[in-house]
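If you read the protein sequences in the order shown, they are chains A and B. Offset between the first sequence (1-based) and the working numbering: plus 82. Offset between the second sequence (1-based) and the working numbering: plus 104. What follows is one structure encoded as structure tokens, with my remarks underneath.
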Amino acid sequence: DQQVKQNSPSLSVQEGRISILNCDYTNSMFDYFLWYKKYPAEGPTFLISISSIKDKNEDGRFTVFLNKSAKHLSLHIVPSQPGDSAVYFCAAKVGETSGSRLTFGEGTQLTVNP
Amino acid sequence: GAVVSQHPSWVICKSGTSVKIECRSLDFQATTMFWYRQFPKQSLMLMATSNEGSKATYEQGVEKDKFLINHASLTLSTLTVTSAHPEDSSFYICIGGNNEKLFFGSGTQLSVL
Numbered sequence: 083d084q085q086v087k088q089n090s091p092s093l094s095v096q097e098g099r100i101s102i103l104n105c106d107y108t109n110s111m112f113d114y115f116l117w118y119k120k121y122p123a124e125g126p127t128f129l130i131s132i133s134s135i136k137d138k139n140e141d142g143r144f145t146v147f148l149n150k151s152a153k154h155l156s157l158h159i160v161p162s163q164p165g166d167s168a169v170y171f172c173a174a175k176v177g178e179t180s181g182s183r184l185t186f187g188e189g190t191q192l193t194v195n196p
Numbered sequence: 105g106a107v108v109s110q111h112p113s114w115v116i117c118k119s120g121t122s123v124k125i126e127c128r129s130l131d132f133q134a135t136t137m138f139w140y141r142q143f144p145k146q147s148l149m150l151m152a153t154s155n156e157g158s159k160a161t162y163e164q165g166v167e168k169d170k171f172l173i174n175h176a177s178l179t180l181s182t183l184t185v186t187s188a189h190p191e192d193s194s195f196y197i198c199i200g201g202n203n204e205k206l207f208f209g210s211g212t213q214l215s216v217l
């Protein structure tokens, strides 16, 4: 049972434009969501997170939107840069503490073309 | 800064041999270590959760006698794939937590011939 899904395995955008990565979840117990970025041959690195008490969190070029009623979140990157090209994982957990497990989506390969 | 050092980054072994993957937490104490694996085109799936000094809790469908996890100290956790078979070929990654944050290892790509 895939509780976190990223339906787009890949996304290609032009430099300077907006990248929108989507994620859907089914478990209504999830209340904390995270996005990770992964370059080849490296481990994922934390990008941005959002608690279910919010519907938006912004950090520089990165903004995460949460729609609890639709069980959907999205990551917006604007403007996109070639260095943003990576695999992006959406993850969800119950509770914000590190003792709770992460459930990951399949990942979306973002390619930003110069 | 805090980081999890995972070794080896890739390993190729013959069927039937055992492979040990090591994760060391640097500059923090990992009270919890999560072990995940990722098959091609699938998401990272949790295999087991270990807390320092206690036995690991395995997810359904993960054989505890095949995937031995040791978390004897707050800075070291190991996963041993015993009698590896080609179907065990996967990307394995550890994630260490210290009650505040989570830190990812860099992953190990295991290929069993």
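No residue lacks a Cβ here, since even glycine has one placed at the ideal position from N, Cα and C.
Residue i classed as buried or exposed, judged by whether at least 16 other C-beta atoms fall within 10 angstroms
i             : result
residue 126/A : buried
residue 175/B : buried
residue 188/A : buried
residue 137/B : buried
residue 123/B : buried
residue 107/A : buried
residue 160/B : buried
residue 188/B : buried
residue 100/A : exposed
residue 121/B : exposed
residue 130/B : exposed
residue 194/B : buried
residue 163/A : exposed
residue 165/B : exposed
residue 165/A : exposed
residue 192/B : buried
residue 98/A  : exposed
residue 181/B : buried
9 Å Cβ cutoff met for residue i and residue j
i             : j             : result
residue 116/A : residue 152/A : no
residue 202/B : residue 134/B : yes
residue 120/A : residue 169/A : yes
residue 154/B : residue 173/B : yes
residue 163/B : residue 179/A : no
residue 183/A : residue 150/B : yes
residue 105/A : residue 84/A  : no
residue 91/A  : residue 168/B : no
residue 206/B : residue 171/A : no
Same chain only: Cβ atoms within 6 Å of residue i, ignoring 5 sequence neighbours per side
i             : result
residue 115/B : 123, 214
residue 193/A : 94, 167
residue 148/A : 132, 137, 155
residue 225/B : Past the boundaries of the shown model lies residue 225/B; chain B is included only from 105 to 217, so the question cannot be answered.
residue 195/A : 96
residue 145/A : 158
Contact set for residue i: own chain, Cβ-Cβ below 7 Å, skip 5 residues either direction
i             : result
residue 111/A : 176
residue 148/B : 140, 142, 197
residue 156/B : 135, 175, 177, 178
residue 160/A : 100, 143
residue 141/A : 130
Cβ shell of residue i (< 8 Å), same chain only, five flanking positions each side left out
i             : result
residue 190/B : 119, 216, 217
The ligand SAM heavy atom lying under 8 Å from the CB of residue i
i             : result
residue 193/B : What this structure holds is no ligand at all, so the ligand SAM is not there to describe.
Against chain A: residues of the region 199-212 of chain B by CB proximity under 8 Å: Those residues of the region 199-212 of chain B that come within reach of chain A (Cβ to Cβ, closer than 8 Å) are 199, 201, 202, 203, 204, 205, 206, 208, 209, 210, 211.
Segments assigned beta strand (DSSP E), at least 3 residues, entirely inside the region 145-191 of chain A: Counting only runs that start and end inside the region 145-191 of chain A, the beta strand (DSSP E) elements of at least 3 residues fall at 154-159, 168-175.
The region 110-134 of chain A: positions lying closer than 8 Å to chain B by Cβ: Those would be 118, 123, 124, 125, 126, 127, 128, in chain order.
Beta strand (DSSP E) runs contained entirely in the region 109-151 of chain A, provided each spans 3 or more residues: Whole beta strand (DSSP E) segments, 3+ residues: 114-120, 127-133, 138-141, 144-149.
3 or more residues per run - each beta strand (DSSP E) lying fully within the region 111-165 of chain B: You should have 114-117, 123-130, 136-142, 149-155.
Within 9 Å of chain A by C-beta, residues of the region 125-142 of chain B in sequence order: Here the close residues are 135, 136, 138, 140, 142.
Selection of the region 151-184 of chain B by Cβ proximity to chain A, strictly under 8 Å: Hits within the stretch, in order: 153.
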